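Asks: With positions in the sequence shown counted from 1, the corresponding number in our numbering is that position plus 1.
Every residue, glycine too, gets a C-beta built ideally from N, C-alpha and C.
Values in this document were obtained by computation on a predicted structure and should not be read as measured data.
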Amino acid sequence: MGRIYFNARRETHTVDGAYTVTAADSGKVFMLSSTAGACEITLPTTLVEGLYYKFIVEEDTPTGVITIAAGDSIIDLVMKDIGGDASNSTAGTQVDNILIVVATKQGDYIDMFTDGSSWYAECMSSTNNSITTS
Numbered sequence: 002m003g004r005i006y007f008n009a010r011r012e013t014h015t016v017d018g019a020y021t022v023t024a025a026d027s028g029k030v031f032m033l034s035s036t037a038g039a040c041e042i043t044l045p046t047t048l049v050e051g052l053y054y055k056f057i058v059e060e061d062t063p064t065g066v067i068t069i070a071a072g073d074s075i076i077d078l079v080m081k082d083i084g085g086d087a088s089n090s091t092a093g094t095q096v097d098n099i100l101i102v103v104a105t106k107q108g109d110y111i112d113m114f115t116d117g118s119s120w121y122a123e124c125m126s127s128t129n130n131s132i133t134t135s
C-alpha cells in the first residue's frame, strides 16, 4: 500500500506591529516580534466556529508588551509556565486581553481556537508569569 502525503506546512506571518487577524488567517502561525515597541493584535469580532491561530514569540525579551485583544469575547485561557503553576489561567472568566510581556522568551506560545461563542487558549511559557491577562 502506498503512502499519501498531504501538504502539512503551516503558513506563517510575522507580526511586528499592530495587526487585525481575519477569518482568512485561520490556521496561520503568527511569529511575534516587537522590535518597534508595544503592539496590539486584534482578534476577529465575529466568532466563526473552527477558527484557529497560533502565536509564537519569535525573539527573546520583546521590546514592548504584545497584546492579543478579543474585545468583549470570553477567553478561557489555560497556561503552564516554568513556575510550575497555572496562576494566570482564566477558565470560565471574562478576559478581554492576553498580555505577552517583555520577559517572554523565544518559543513561548499561545494556541487559540473558537467554537463560535468563546475563545479557548492554551499557553506554554518558559518564564514565570510572563503571559498575563487584563
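#1: Assuming D82 and S135 are in contact, meaning their beta carbons sit under 8 Å apart, how far apart are those beta carbons, in whole angstroms?
#2: When you compare the CB positions of M113 and I69, do they come within less than 9 Å of one another, or not?
#3: Under 9 Å, do R10 and K29 count as touching if we go by C-beta distance?
#4: Give the DSSP-derived three-state secondary structure of A19 in the structure shown.
#5: Output yes if chain C places a C-beta closer than 9 Å to the C-beta of G72; else output no.
#6: Classify V79: buried if its beta carbon has 16 or more other beta carbons within 10 angstroms, exposed otherwise.
#7: State the Cα-Cα distance for the pair I57 and Q107, rounded to the nearest angstrom.
#8: In whole angstroms, give me the CA-to-CA distance for V66 and I132.
#9: If you reduce the DSSP assignment to three classes, tell me which class D112 lands in.
Replies: In this structure, then:
#1: 17 Å between Cβ atoms; not a contact.
#2: Yes, the pair counts as a contact, with Cβ atoms nearer than the cut-off.
#3: The Cβ-Cβ distance between R10 and K29 does not fall below 9 Å.
#4: In the three-state scheme derived from DSSP, where H, G and I count as helix and E and B as strand, A19 is classed as coil.
#5: Structure shown: chain C not included; a single protein chain is present.
#6: Exposed is the call here.
#7: Rounded to the nearest whole angstrom, the CA to CA distance from I57 to Q107 is 8 Å.
#8: Each residue's alpha carbon lies about 10 Å from the other.
#9: In the structure shown, D112 sits in a strand (DSSP, three-state: E or B).
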